[in-house]
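In the numbering used here, the protein residues as written are 37 to 494.
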């Protein structure tokens, strides 16, 4: 069931269509998640419930009907013989002064609008969760592919060490170190495979599929392309147009104004009209018509304070709206700055760093094969190559996360994952390809600092 709402709800629809781009797998994941999400179904139902509540607020008070009998004495029922003995049938209706019912309904209607804004937030966040999960799954699988490439390089290095050792030109330590690094790669592969299964299970949960169901992903991070970096003015305009939190805060301000208007109207009390008819048997029936009005004897402590309260709440909500707008602009600016820096880092990786790193690895292997360099230099170069490749993958994923958070219009600080300047994204940091492994775990094939120092002395 689709619930149409205000600008925030329409924004969620707009962002869904543009989210997946040309990737049919991602498009399918988003569509399934939006269709089957229990959180989204609950939010839709809450909107309908608030709309039903709005109609109640503007309804007339229920009339009251009463039936009675009045008797003269306790020894007999002299109906029709005594003037004061009769049946009574009465109807009472509270009458609301013009404008009050509409004002009450207006106050209640803003609850439905705020529920629509919260539904828009659910949709944006659900879509963002799917997109983040997809990026993380691609990252895990690309890291596994990189691990395979590193394993091939270490196998080549081990072969060179074995050949040189067989002819007496290398040391047994070189061969043992190569075998040690290959064993570490096996351990790292297990951690990455576990991470990949966890990412896949999380995506399957979002689309209401069995957690262990296979999920093919033909895409790769380096084929997604860097997200476009929009201008600050365009980003702010988009945030103003689509932010569910800003929409909800705006509706809250409007509701406070409507509540203040209602409080002023409530200073004039409603009144009741009562009509009664009293049959007396053979005697002529009697009738009665009455009007009741509450006396606002304590208006200074009730009605006047209610008006003051409504005005103060309106002022407070206007301040909250401005605070929300400022935070929204701040988060938008922070993500733009981080995204621009990350895209520049990605360009540097592609245009120079990775090319040089690969050339250095090939050269070091060739030099070691002819005895012109030590195995320690091979270790350093291979670990640097691994660090650069892993850092590039993490930087690609970080750029996508930042773009996702920007489309999500998140108000959370640091939304989008780790900063582009975090370890693992900086060239040469040596902490890439972490996945779900402990932070202290080395990158695939990367030697611990102490071991690297020992190798340098070989």
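Think of the CB as a built atom: it goes at the ideal place given N, C-alpha and C, for glycine as much as any other residue.
I'd like the span of the alpha helix (DSSP H) that includes residue 310, first residue to last.
From DSSP, residue 310 is part of no alpha helix (DSSP H) but of the beta strand (DSSP E) over 307-316.
With residue 328 as the anchor, note down where its beta strand (DSSP E) starts and where it stops.
Where residue 328 is concerned, the enclosing beta strand (DSSP E) stretches over 319-328.
Excluding the 5 residues flanking residue 370 on each side, which residues of the same chain have their C-beta closer than 7 Å to its C-beta?
Excluding residues within five positions, none has a Cβ falling inside 7 Å.
Going by the beta-carbon positions, is the gap between residue 65 and residue 243 smaller than 9 Å?
A contact, by the Cβ cut-off of 9 Å.
So who's on the other strand from residue 102, going by DSSP bridges?
According to DSSP, which records beta bridges pairwise, residue 102 is partnered with 126.
Exposed or buried, what is residue 334 when buried is set at 16 or more other beta-carbons lying within 10 Å of its beta-carbon?
Per the 10 Å Cβ criterion, exposed.
What's the gap between the Cα of residue 72 and the Cα of residue 439?
Rounded to the nearest angstrom, the two C-alpha atoms are 25 Å apart.
Could you tell me the distance, in whole angstroms, from the CA atom of residue 362 to the CA atom of residue 344?
Those two C-alpha atoms are separated by around 27 Å.
Using 9 Å as the threshold, is the C-beta distance between residue 183 and residue 225 below it?
Result yes, Cβ atoms of residue 183 and residue 225 sit closer than 9 Å.
Among 139, 121, 194, whose alpha-carbon lies nearest the alpha-carbon of residue 110?
Out of 139, 121, 194, 121 has the C-alpha closest to the C-alpha of residue 110.
Any idea which residues DSSP pairs residue 131 with across the strands?
DSSP lists 307 as partners of residue 131.
Here's the rule I'm using: 16 or more other beta-carbon atoms within 10 Å means buried, otherwise exposed. How should residue 92 be labelled?
Residue 92 is exposed by the Cβ-count criterion.
Could you pull out every unbroken beta strand (DSSP E) segment of at least 3 residues lying fully inside the stretch 253-308, listed in chain order?
If we require 3 residues or more, the stretch 253-308 turns out to have no beta strand (DSSP E) run fully inside it.
Which residue's Cα is closest to the Cα of residue 296: 306, 278, 348, 316?
That would be 348, whose Cα lies nearest to the Cα of residue 296.
How many angstroms separate the CA atom of residue 291 from the CA atom of residue 138?
Cα to Cα, residue 291 sits roughly 13 Å from residue 138.
Counting only runs of 4+ residues fully inside the stretch 369-422, write out the alpha helix (DSSP H) ranges in chain order.
The stretch 369-422 contains these whole alpha helix (DSSP H) runs: 390-405.
Nearest CA to the CA of residue 257: which residue from 189, 355, 105, 435?
Among 189, 355, 105, 435, the Cα nearest to that of residue 257 is on 435.
Does the ligand ADP have even one heavy atom less than 8 Å from the beta-carbon of residue 193?
Judged by which ligands are present, the structure shown has none, so any question about the ligand ADP falls away.
Any idea what DSSP makes of residue 107, helix, strand or coil?
Looking at residue 107 - three-state DSSP - the assignment turns out to be coil, as it is neither helix nor strand.
Pairs of beta-carbons, one from the stretch 257-276 and one from the stretch 365-382, closer than 8 Å: are there three or more?
Yes: at least three Cβ pairs fall under 8 Å.
Can you tell me whether residue 134 is buried or exposed? The criterion is at least 16 other CB atoms within 10 Å of its CB, across all chains shown.
So residue 134 ends up on the exposed side.
Quick check on residue 334: does DSSP put it in helix, strand or coil?
Residue 334 falls in the coil class under three-state DSSP.
Below 9 Å between beta carbons: does that hold for residue 197 and residue 411?
Yes.
From the DSSP output, in three-state form, read off residue 96 for me.
The answer is coil: DSSP assigns residue 96 none of H, G, I, E or B.
Which one of 395, 172, 84, 450 has the shortest CA to CA distance from residue 146?
With distances taken between Cα atoms, residue 146 lies closest to 84.
Around the C-beta of residue 199, are 16 or more other C-beta atoms found within 10 angstroms, so that it is buried, or is it exposed?
Exposed: under 16 other Cβ atoms inside 10 Å.
Tell me the DSSP secondary structure of residue 120 in three-state form.
It is coil, neither helix nor strand.
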